[in-house]
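Everything on this sheet refers to the single structure shown next.
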Amino acid sequence: MSIHPTALVDSSAEIDANVEIGAFSIVGPNVKIGSGTVVKSHVVINGHTTIGCDNEIYQFSSVGEANQDKKYNDEPTQLIIGDRNVIRENATLHRGTIQDDGVTMIGSGNLFMASTHIGHDCIVGDDNIMANYAALAGHVTIGDSILLGGYTGIHQFCRIGSFSMCGMGSMVTKDVPEYVMVSGNPSSAHGMNFEGMKRRGMDAAVIKALRDSYKLVYLKGLKLDDALVELEQGLAKDFKEVFSFVQSFRLSKRGVIRPGKK
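Every letter in the sequence shown is one number past the one before it in numbering that gives the first Met the number 0, and letter 121, counting from 1, is 120.
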């Protein structure tokens, strides 16, 4: 274990022997940090916070601090972080509230760029990228392999589907289906993240099926439910990716982002 002499680490914190903690960082009493994690200088880690292995946490980040919900009354809620995440400068990751499940949950392999924010009770999957100043309000759920462009804002209780993309400055107030690209204020749909699919080696037949699915739902002028039924009776039976796309609509509680008016 390598702890800089100016760091303040509570004696009851559970720190693996293979953790580095930099100068002037503060680690509170209910914190657990796994092997290989590097905490750079001037980081504050508080609350009932569990951090997995091989994470990098950069200077001036605030991890596991009390959330910004006015109903919060210092209950022992949690922040749980997986493995291999990179948390860059000035990022803020807040613990949950008892009004939800009491935990903010973050997966593995994510990149949170400078000044990003994860609000209370969020659920974040794996391999996502949040560019500078992107922010999740409370109770947001995002899937896997998502790109949130710089200054993107996600409204509370929204769901962002896996493999989707939000362009720079997007203001998202409804759910984003899997694979769909959105942008604007308010955001509207602008096709699918086909380039991201190709980079991940997705089969050409799957990409074509998703392209046809997008056209059916967004461009053919059908009622949404009619389009979804047509997909369920056709492409969704042959492609699990199309089934997931359809489920993005079926499971939505806030409504789904639609194309902008031309």
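Where is the CB? At the ideal position from N, CA and C, for every residue including glycine.
Small disclaimer: the values here were computed from a predicted structure and weren't measured.
**Span of the beta strand (DSSP E) around V188** = Here residue 188 is taken as the residue at index 189 of the sequence shown, counted from 1. First, the residue type needs correcting, since residue 188 is Ala and not Val in the sequence shown. Here the beta strand (DSSP E) through A188 covers S186 to M191.
**Request:** Buried or exposed for L7, please, with buried defined as at least 16 other CB atoms from any protein chain shown within 10 angstroms of its CB.
**Result:** For this step, residue 7 is matched to residue 8 along the sequence shown. Answer is exposed; the Cβ neighbour count stays below 16.
**Asked** Taking C-beta to C-beta, are F238 and V205 nearer than 8 angstroms?
**Response** The residue given as residue 238 occupies position 239 in the sequence shown. The residue given as residue 205 occupies position 206 in the sequence shown. Contact flag set, yes.
**Message:** Mapping the DSSP letters down to three states, classify L92 as helix, strand or coil.
**Reply:** Counted from its first residue, the sequence shown places residue 92 at position 93. The answer is strand: DSSP assigns L92 an E or B state.
**Residue from L230, R199, L218 and R198 whose Cα sits closest to the Cα of A208** = As a working note, residue 208 is residue 209 in the sequence shown. When each option's Cα is compared against that of A208, the closest is L230.
**Prompt:** How close, in whole Å, do the beta carbons of D99 and D73 come, if the pair is a contact with beta carbons under 8 angstroms?
**Reply:** Position 100 of the sequence shown, counted from the first residue, corresponds to residue 99. Position 74 of the sequence shown, counted from the first residue, corresponds to residue 73. Wrong, their Cβ atoms sit about 16 angstroms apart, outside the cutoff.
**Request:** Measure the alpha-carbon distance for I32 versus M170 and round it to whole angstroms.
**Result:** Taking the sequence shown and counting its residues from 1, one reaches residue 32 at position 33. Taking the sequence shown and counting its residues from 1, one reaches residue 170 at position 171. About 34 angstroms.
**Message:** Rounded to the nearest angstrom, what separates D53 and A226 at their Cα positions?
**Reply:** By 1-based counting over the sequence shown, the position of residue 53 is 54. By 1-based counting over the sequence shown, the position of residue 226 is 227. Going by the C-alpha atoms only, they are around 44 angstroms apart.
**Prompt:** Whose C-beta lies closer than 6 angstroms to the C-beta of G168 among residues of the same chain, with five residues either side of it excluded?
**Reply:** For the purposes of this step, residue 168 is taken as the residue at position 169 of the sequence shown. So the list reads Y150, once near-sequence residues are dropped.
**Request:** Inspect the CB distances between the region 107-120 and the region 85-92 and report whether three or more fall short of 8 angstroms.
**Result:** yes
**Asked** Is G63 buried or exposed, if buried means 16 or more other CB atoms sit within 10 Å of its CB?
**Response** By one-based count along the sequence shown, residue 63 stands at place 64. Buried is the call here.
**Request:** Quick one: using the 10 Å Cβ neighbour count with 16 as the cut-off for buried, is M0 buried or exposed?
**Result:** Along the sequence shown, read from residue 1 onward, the residue named residue 0 stands at position 1. Exposed, by the Cβ-count rule.
**Message:** Checking 8 angstroms against the spacing of the C-beta atoms, do K131 and H93 come in under that value?
**Reply:** Residue mapping note: residue 131 aligns to position 132 of the sequence shown, counting from 1. Residue mapping note: residue 93 aligns to position 94 of the sequence shown, counting from 1. Sequence inspection shows Asn at residue 131; the Lys mentioned does not correspond to that position. Their beta carbons are not under 8 angstroms apart, which means N131 does not touch H93 by this criterion.
**Prompt:** Alpha carbon to alpha carbon, what distance is there between Y57 and K252?
**Reply:** Locating residue 252 in the sequence shown gives position 253, counting from the first residue. Locating residue 57 in the sequence shown gives position 58, counting from the first residue. So the alpha carbons of these two residues sit roughly 36 angstroms apart.
**Asked** Which residue from I50, A22, I25 and S24 puts its Cα closest to that of D15?
**Response** Residue mapping note: residue 15 aligns to position 16 of the sequence shown, counting from 1. The residue with the shortest Cα to Cα distance from D15 is I50.
**Item:** As assigned by DSSP and simplified to three states, the class of G195
**Value:** Within the sequence shown, the letter at position 196 stands for residue 195. It is helical.
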